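Before any comments, here is the structure.
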Amino acid sequence: MLPIFYRTFFPTHTMIRWLSYGRPIKNYLAYREFSFTLPGDAWVRYQSYASEADFRDALRQKVPHKIDIGPVYTVRPRDRHMYRPEACEARERELVFDIDMTDYDDVRTCCTGADMCDKCWIFMTAARDVLDDALRQDFGFKHILWVYSGRRGLHGWVCDHRARVLSADARGAVVSYLSVKLTSPAPGGSGTGGGAYGDMLARPGLRRAYRHLLHYFETALLASQGYLTDARWEATLATWLPHAPQCRAKLAAKFSQRSHSDPWDRWTLLRAAHEAGGMSGAAGETLSLPALIFFLLYPRLDAAVSRGVNHLLKSPFVVHPKTGKVCVPID
Numbered sequence: 000m001l002p003i004f005y006r007t008f009f010p011t012h013t014m015i016r017w018l019s020y021g022r023p024i025k026n027y028l029a030y031r032e033f034s035f036t037l038p039g040d041a042w043v044r045y046q047s048y049a050s051e052a053d054f055r056d057a058l059r060q061k062v063p064h065k066i067d068i069g070p071v072y073t074v075r076p077r078d079r080h081m082y083r084p085e086a087c088e089a090r091e092r093e094l095v096f097d098i099d100m101t102d103y104d105d106v107r108t109c110c111t112g113a114d115m116c117d118k119c120w121i122f123m124t125a126a127r128d129v130l131d132d133a134l135r136q137d138f139g140f141k142h143i144l145w146v147y148s149g150r151r152g153l154h155g156w157v158c159d160h161r162a163r164v165l166s167a168d169a170r171g172a173v174v175s176y177l178s179v180k181l182t183s184p185a186p187g188g189s190g191t192g193g194g195a196y197g198d199m200l201a202r203p204g205l206r207r208a209y210r211h212l213l214h215y216f217e218t219a220l221l222a223s224q225g226y227l228t229d230a231r232w233e234a235t236l237a238t239w240l241p242h243a244p245q246c247r248a249k250l251a252a253k254f255s256q257r258s259h260s261d262p263w264d265r266w267t268l269l270r271a272a273h274e275a276g277g278m279s280g281a282a283g284e285t286l287s288l289p290a291l292i293f294f295l296l297y298p299r300l301d302a303a304v305s306r307g308v309n310h311l312l313k314s315p316f317v318v319h320p321k322t323g324k325v326c327v328p329i330d
């Protein structure tokens, strides 16, 4: 099937137009690294192509199981052996992001590991919206492509010229700005004390993020993950309020009443207890609802992917070798 896919469906022309950014191929795309994973898991790096026809012919001849896209180098990658090692440097690369659903295993109840269902997409959609908003509003980027990874994640490509020429240090600074220390309220975790999160919400970007995340929690996640259903609310309270037994007992008494059997009613009671200041523990620990919402839904980034100028990332439009699903862009 892959030969038919590359002959008939793979958008070679669109890919070349995208990665050329309006420049002559011989002056720009020819310096871009492509990596092919071939049958038998043979990994062939430092492929580069001088024309659209060359790229199309390579796809049809080699029929790669996977294509990864790397940086634009100072020399043509396939000719790198003709130069001193220090002459072959990565000089441009889209600012990329990788979000993997397995990083949410401690907060999703529907699936684990490589499994992913429609309910899992709430986490991905919330992460995408938060990052997209921050990249546009806080950094002024305009050209951002979001792509389903084909299995259990999401890839983001920031394609603005000033994003492509960022140094590794600058990329690290962007990742640091976008990162929030997510701390679990579970016993043995570092707690979700309200102070640090309260300070964070002084930042306009994180206030916007919180609005996004709260919306997704209340309109989709609360119901889809069943945190406060009859079967789960006791375990949920024990996880969310490990240090506040008195508050937990009061909420449990109300949650047990038939008049409060609906998960939304229970969430309303939880919010009311928080707003009344009744969710503190004996040792002074508190559950901050912003802290909880951030812990459940804030993007969990693979920082190493974003920092590296020479990092390879799976190409859009390829077929994932393990699922057979196409890595399609999403809006």
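Numbering-wise, numbering that gives the first Met the number 0 puts 205 at position 206 of the sequence shown, and it's gapless, one number per residue. Virtual Cβ for every residue (Gly too), placed ideally from N, Cα, C. None of these values were measured; they are calculated from a predicted model.
Bridge partners for residue i per DSSP, in chain order?
i           : result
residue 145 : 155, 329
residue 34  : 67
residue 313 : 67
residue 72  : 89
residue 300 : 98
Do residue j and residue i have their beta-carbon atoms positioned less than 8 Å apart in this structure?
i           : j           : result
residue 159 : residue 142 : yes
residue 169 : residue 307 : no
residue 102 : residue 111 : no
residue 291 : residue 266 : no
residue 130 : residue 177 : yes
residue 316 : residue 115 : no
residue 309 : residue 70  : yes
residue 318 : residue 327 : no
residue 305 : residue 174 : yes
residue 313 : residue 56  : no
residue 260 : residue 229 : yes
residue 125 : residue 153 : no
With DSSP as the reference, label residue i as helix, strand or coil.
i           : result
residue 46  : strand
residue 150 : coil
residue 181 : coil
residue 320 : coil
residue 91  : strand
residue 134 : helix
residue 102 : helix
residue 96  : strand
residue 200 : coil
residue 41  : strand
residue 160 : helix
residue 230 : coil
residue 8   : coil
residue 0   : coil
residue 287 : coil
residue 189 : With a pLDDT of 45 at residue 189, under the threshold of 50, the predicted position of this residue should be treated as unreliable, though the coordinate-derived value follows. Residue state, collapsed to three classes: coil.
residue 242 : coil
residue 123 : helix
residue 108 : coil
residue 224 : helix
Taking 7 Å as the cut-off, does the CB of residue i come closer than this to any heavy atom belonging to the ligand ZN?
i           : result
residue 261 : Among the ligands in the structure shown, none appear at all, so the ligand ZN cannot be discussed.
Below 7 Å CB to CB, which residues in the same chain sit around residue i once its five sequence neighbours on both sides are set aside?
i           : result
residue 250 : 236, 268, 269, 272
residue 72  : 30, 32, 87, 88, 89, 90
residue 45  : 32, 76, 77, 79
residue 50  : 24
residue 121 : 215, 219, 220, 223
residue 162 : 93, 94, 140
residue 119 : 100, 107, 109, 110
By Cβ distance, which residues of its chain are closer than 8 Å to residue i, with the 5 residues on each side in sequence left out?
i           : result
residue 19  : 27, 28
residue 252 : none
Does the CB of residue i have a neighbour CB from chain C at under 8 Å?
i           : result
residue 125 : Considering every chain present, this structure includes no chain C. It has just one protein chain.
Excluding the 5 residues preceding and the 5 following residue i in the sequence, name in chain order all residues of the same chain whose CB lies nearer than 6 Å to its CB.
i           : result
residue 208 : 129
residue 189 : Because residue 189 sits at a pLDDT of 45, beneath the cut-off of 50, its placement in the model cannot be relied upon, and the point is left open.
residue 106 : 295
residue 231 : 225
State whether the stretch 289 to 303 contacts the stretch 89 to 99, with contact taken as three or more CB pairs (one from each stretch) at a distance under 8 Å. yes
Contact between the stretch 211 to 224 and the stretch 135 to 155 is defined here as three or more beta-carbon pairs at a separation below 8 Å; is this criterion met? no
Can at least three beta-carbon pairs, one atom from the stretch 54 to 73 and one from the stretch 34 to 45, be found at a separation below 8 Å? yes
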